[in-house]
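Reviewing the structure listed below.
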Amino acid sequence: MLMKPRVMSLVIFTGVAGWIVAPGAGDPVLAFAALLAIACGAGAAGALNMWFDADIDAQMRRTKNRPVPSGRVSAEEALTLGVWVSVLSVAVMALAGGALAAGLLAFTILFYILVYTMWLKRRTPHNIVIGGLAGALPPAVAWAAKTGGLTIDPLILVAIIFIWTPPHFWALSLYQKGDYATAGVPMLPVTHGAAETRRQILWYSMALVPLALTPALTGLGGLVYLGVSAALGALFLLLAFKVAGSRAGDGDVVGQVDLYAVAAGGKAARNLFAFSIGYLFCLFAALIMERLAGVHWVVDWQALLAFGATQ
Amino acid sequence: MSVGRDIRPEDVIPLTAEQAAARRKRNIMLALLLAGLMVLIFLISLTQMKAGLFQRPL
Numbered sequence: 001m002l003m004k005p006r007v008m009s010l011v012i013f014t015g016v017a018g019w020i021v022a023p024g025a026g027d028p029v030l031a032f033a034a035l036l037a038i039a040c041g042a043g044a045a046g047a048l049n050m051w052f053d054a055d056i057d058a059q060m061r062r063t064k065n066r067p068v069p070s071g072r073v074s075a076e077e078a079l080t081l082g083v084w085v086s087v088l089s090v091a092v093m094a095l096a097g098g099a100l101a102a103g104l105l106a107f108t109i110l111f112y113i114l115v116y117t118m119w120l121k122r123r124t125p126h127n128i129v130i131g132g133l134a135g136a137l138p139p140a141v142a143w144a145a146k147t148g149g150l151t152i153d154p155l156i157l158v159a160i161i162f163i164w165t166p167p168h169f170w171a172l173s174l175y176q177k178g179d180y181a182t183a184g185v186p187m188l189p190v191t192h193g194a195a196e197t198r199r200q201i202l203w204y205s206m207a208l209v210p211l212a213l214t215p216a217l218t219g220l221g222g223l224v225y226l227g228v229s230a231a232l233g234a235l236f237l238l239l240a241f242k243v244a245g246s247r248a249g250d251g252d253v254v255g256q257v258d259l260y261a262v263a264a265g266g267k268a269a270r271n272l273f274a275f276s277i278g279y280l281f282c283l284f285a286a287l288i289m290e291r292l293a294g295v296h297w298v299v300d301w302q303a304l305l306a307f308g309a310t311q
Numbered sequence: 312m313s314v315g316r317d318i319r320p321e322d323v324i325p326l327t328a329e330q331a332a333a334r335r336k337r338n339i340m341l342a343l344l345l346a347g348l349m350v351l352i353f354l355i356s357l358t359q360m361k362a363g364l365f366q367r368p369l
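Those sequence lines, one after another, are chains F and B. Just so you know, we're using this note's numbering here: the first sequence kicks off at 1 and counts up by one. Just so you know, we're using this note's numbering here: the second sequence kicks off at 312 and counts up by one.
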């Protein structure tokens, strides 16, 4: 609980994808060590977040049962665990993946704690937009660990998660608005209202869906990925339009203990929130599956364009 | 200020059976974690050295 296992699982999964799609064979021992370092780094960042945010976690129904606010773990223990696991994970990454990967992992942890948790979260509604970079970096860390460098491809994966984060969290905050207001966290629905949040969700979704197609342009994703991304992207947009046209977040929405419990009117936001998790999972699963199942059929766009020009 | 040597038995708060068991469990977990870390670093080192060692001219 202290290391946010739900967040960790997404980080590990995108990290695994980053490793698998990166060029080269890659040693299994180094893969295990690098991915363990990423997982532990994410867990440590989660523990440090819980140490610092115990006061606001205690005020929100969804988070008040977390280990620190509920008293099962002391704040000092969370801090000690977070610092030590952070240091060890960066050290292991330096050994297994080299300096660039270790530096990126250290940057990710520090960005999450210093920039997101300590600086932005309590000050600006842009908190999750900018802070989302920390959650977006794992594929690039894994890529750097395997290859020793970075190219445009891992950065596209980072960009996809980065742009995915705001509509994902804002959909949640639309139907948990009451909790954020109580805790004084300036989430967008609290500071700018539900209508503006629904608009922003739509804008970000309209940016996300085409962006999620770009791996098929660079050859990182093949035909399977293109199909999955296009089909699920259309559904994502549909749900985002439904949120935009809904009244989700209007009125006093009381925060819920259950992540998916929803008050009347907030169903569209809940649906988008739940779907967004599956969407990101399927995008990365498609990339992994193409490589593992040997169905990485890259579309030759140049030949297609040349063929189109001759017609 | 002296630390350690001057602690009298009556100053020590005895642990309850539950606390002692929790401490023992925590210590075992820490020992396993450290052992795991040692094994991991050993394996990483072996893997990293493998190519270099065997390609080295004799």
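Here a beta-carbon is modelled for each residue, glycine too, at the ideal position from N, C-alpha and C.
Query	Result
Those runs of the alpha helix (DSSP H) which lie wholly inside the segment 18-96 of chain F and span at least 4 residues	28-52 and 54-57
Collapsed DSSP secondary structure at Ala140 of chain F in the structure displayed	helix
Classification of Arg72 of chain F by the beta-carbon crowding that lies within 10 angstroms, buried from 16 upward	exposed
Proximity winner among F:Ala22, F:Tyr180 and F:Ile38, relative to Leu10 of chain F (alpha-carbon distances)	F:Ile38
Proximity test, Cβ basis, 8 Å: Leu358 of chain B and chain F	Inspection of the sequence shows that residue 358 of chain B is occupied by Thr rather than by Leu. It does: the Cβ of Thr358 of chain B has a partner Cβ on chain F nearer than 8 Å.
Neighbourhood of Leu105 of chain F by C-beta distance below 6 Å, restricted to the same chain and skipping five residues each side	Gly41, Val90, Met93 and Val141
For Lys159 of chain F, the first and last residue of its enclosing alpha helix (DSSP H)	Reading the sequence as shown, one finds Ala at residue 159 of chain F and not Lys. Segment Ile152 to Tyr175, the alpha helix (DSSP H) holding Ala159 of chain F.
Cα-Cα separation between Arg338 of chain B and Leu344 of chain B, rounded to whole angstroms	Reading off the sequence shown, one finds Asn at residue 338 of chain B, where the question assumed Arg. For Asn338 of chain B and Leu344 of chain B, the distance between alpha carbons rounds to 10 Å.
Cβ pair count under 8 Å reaching 3, the segment 135-152 of chain F against the segment 194-208 of chain F	no
Proximity test, Cβ basis, 8 Å: Val73 of chain F and chain B	no
Coil, strand or helix - Ala312 of chain F by DSSP	No statement about residue 312 of chain F is possible, as the shown extent of chain F runs from 1 to 311 and does not include it.
C-alpha gap between Leu211 of chain F and Ala78 of chain F, whole angstroms	37 Å
Residue-level contact to chain B via CB, Ala25 of chain F, 8 Å cutoff	no
Extent of the continuous alpha helix (DSSP H) to which Ile201 of chain F belongs	Ala194 to Leu211
Listed by chain order, chain B residues near Val316 of chain F by CB distance under 8 Å	Residue numbering for chain F in the displayed model covers 1 to 311; residue 316 of chain F lies beyond these limits and cannot be assessed.
First through last residue of the alpha helix (DSSP H) which encompasses Ala309 of chain F	Trp301 to Thr310
Chain-ordered chain C contacts of Val87 of chain F [CB-CB under 8 Å]	Considering every chain present, this structure includes no chain C. Its protein chains are F and B.
Alpha helix (DSSP H) segment containing Glu321 of chain B, residue limits	Taken as a continuous stretch (DSSP letters only), Glu321 of chain B belongs to no alpha helix (DSSP H), as it is neither H nor E.
Contact under 8 Å by Cβ, Leu280 of chain F with Pro215 of chain F	no
Sufficient close CB pairs (3 or more, under 8 Å) joining the segment 20-30 of chain F to the segment 282-300 of chain F	yes
Leu79 of chain F: contacting residues in chain B (beta-carbon distance under 7 Å)	Result: empty, since nearest Cβ-Cβ is about 16 Å, beyond 7 Å.
Cβ-based neighbour list, Trp301 of chain F, same chain, cut-off 7 Å, excluding 5 preceding and 5 following	Leu217
Val190 of chain F, DSSP secondary structure in three states	helix
Neighbourhood of Cys282 of chain F by C-beta, 7 Å cutoff - its chain only, sequence neighbours within 5 removed	Val228 and Leu232
Short Cβ contact (8 Å threshold) for Ala230 of chain F with Leu272 of chain F	no
At least 3 beta-carbon pairs within less than 8 Å: the segment 113-132 of chain F vs the segment 172-189 of chain F	yes
Under 8 Å between C-beta atoms of Ala144 of chain F and Gly221 of chain F	no
Short-range partners of chain B found in the segment 126-160 of chain F, where Cβ spacing is below 9 Å	none
Assigned exposure category for Phe162 of chain F - 16 Cβ within 10 Å defines buried	buried
Option in F:Met60, F:Ala34 and F:Phe236 with minimal Cα separation from Ala183 of chain F	F:Met60
Beta-carbon proximity check, Leu88 of chain F vs Leu348 of chain B, cutoff 8 Å	yes
Cβ separation of Asp198 of chain F and Ala274 of chain F, assumed to be a contact under 8 Å, to the nearest whole Å	A quick correction: the sequence has Arg, not Asp, at residue 198 of chain F. Incorrect: roughly 17 Å between the Cβ atoms, too far for contact.
Top-ranked residue by Cα proximity to Thr313 of chain F, from F:Thr63, F:Met118, F:Leu100 and F:Ser74	Beyond the ends of chain F as shown, which are 1 and 311, falls residue 313 of chain F; an answer cannot be given.
Trp297 of chain F and Leu213 of chain F closer than 8 Å at C-beta	no
At least 3 beta-carbon pairs within less than 8 Å: the segment 43-55 of chain F vs the segment 163-175 of chain F	no
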